[in-house]
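Structure first, then comments.
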Amino acid sequence: TAQNYLSTEKKSVYFGIGLGINDSGLGLGIEVPISNKFSGFVNLGIGGWGYKYGFGAIFYTNQAPYGSAFSLGYSVATGLKGFETELYTEPFDESEMVKLDLNNVGTINIIYSYSWTLGRKGKFSLYTGYAIPVTNNAYEVKSTGIELNEDSKQILEIMQPGGLILGLRFMF
Numbered sequence: 036t037a038q039n040y041l042s043t044e045k046k047s048v049y050f051g052i053g054l055g056i057n058d059s060g061l062g063l064g065i066e067v068p069i070s071n072k073f074s075g076f077v078n079l080g081i082g083g084w085g086y087k088y089g090f091g092a093i094f095y096t097n098q099a100p101y102g103s104a105f106s107l108g109y110s111v112a113t114g115l116k117g118f119e120t121e122l123y124t125e126p127f128d129e130s131e132m133v134k135l136d137l138n139n140v141g142t143i144n145i146i147y148s149y150s151w152t153l154g155r156k157g158k159f160s161l162y163t164g165y166a167i168p169v170t171n172n173a174y175e176v177k178s179t180g181i182e183l184n185e186d187s188k189q190i191l192e193i194m195q196p197g198g199l200i201l202g203l204r205f206m207f
């Protein structure tokens with residue numbers, strides 16, 4: 036019924052911590068109820084591609100904030116300037132220290148989660164989904180005269196934000 040979606044009954048705001056791959060990394064989150072079935076969220080964290088922040092909406096299949104839910108969000112990894120790592124280069128597949136700029140990368144995140152009651156007012160959530168990158172040129176080689184070989188390019192592609200999302204959250 037429309038009342039399930041539009042209820043103005045007072046709901047609890049949730050604050051918490053989480054750990055995820057291709058989402059907020061190690062970070063903090065806030066979930067704000069909008070109705071019995073919808074909430075908004077904001078995440079802040081840090082991961083392998085720099086600081087992360089994101090926001091979005093959650094739809095609960097039952098009454099929020101427990102059980103199955105689907106969310107749609109947008110996340111940004113801020114990147115790292117002057118990042119140095121050892122990679123293989125052309126033309127002889129030699130291992131060298133390479134200086135890179137890891138650029139901002141944005142992703143659209145489609146997530147399924149399930150939340151259980153934790154204590155009297157908390158919840159524990161597991162989630163999975165997919166992060167769709169919306170940014171081109173995720174990195175730039177800053178070392179002069181160096182060209183990465185295909186293996187190094189594949190490693191950087193795997194490291195950059197995007198792909199399978201896995202994570203957990205504790206919220207109170």
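Taking our numbering, the leading residue of the sequence shown gets 36, the next gets one more, and so forth. Glycine is no exception: its CB is placed at the ideal position from the N, C-alpha and C atoms. Remember, predicted model here, so these are calculated numbers, not experimental data.
Less than 8 Å between the C-beta atoms of residue i and residue j, yes or no?
i    : j    : result
T113 : Y86  : yes
G80  : L107 : no
G53  : S47  : no
G55  : V67  : no
K156 : F205 : no
With which residues is residue i paired in a DSSP beta bridge?
i    : result
F22  : In the structure as shown, the chain starts at 36 and stops at 207, and residue 22 therefore has no counterpart that could be examined.
I56  : L201
S70  : In DSSP, S70 forms no bridge with anything.
M206 : G51, K158
Between the alpha carbons of residue i and residue j, how many angstroms are there, rounded?
i    : j   : result
F105 : W84 : 25 Å
Pick from the options: whose alpha carbon is nearest that of residue i?
i    : options                : result
E119 : P126, E125, Y109, M132 : M132
P168 : F207, I143, G89        : I143
F73  : G55, F50, A99          : A99
G82  : F205, Q195, M206       : Q195
S178 : K116, G197, Y109, K158 : K116
K190 : G164, E121, L153       : Just to set this straight, residue 190 is Ile in the shown sequence, not Lys. Closest option to I190, Cα to Cα, is E121.
Q.
With three or more beta-carbon pairs closer than 8 Å as the criterion, would you say the segment 136 to 143 touches the segment 178 to 189?
A. no
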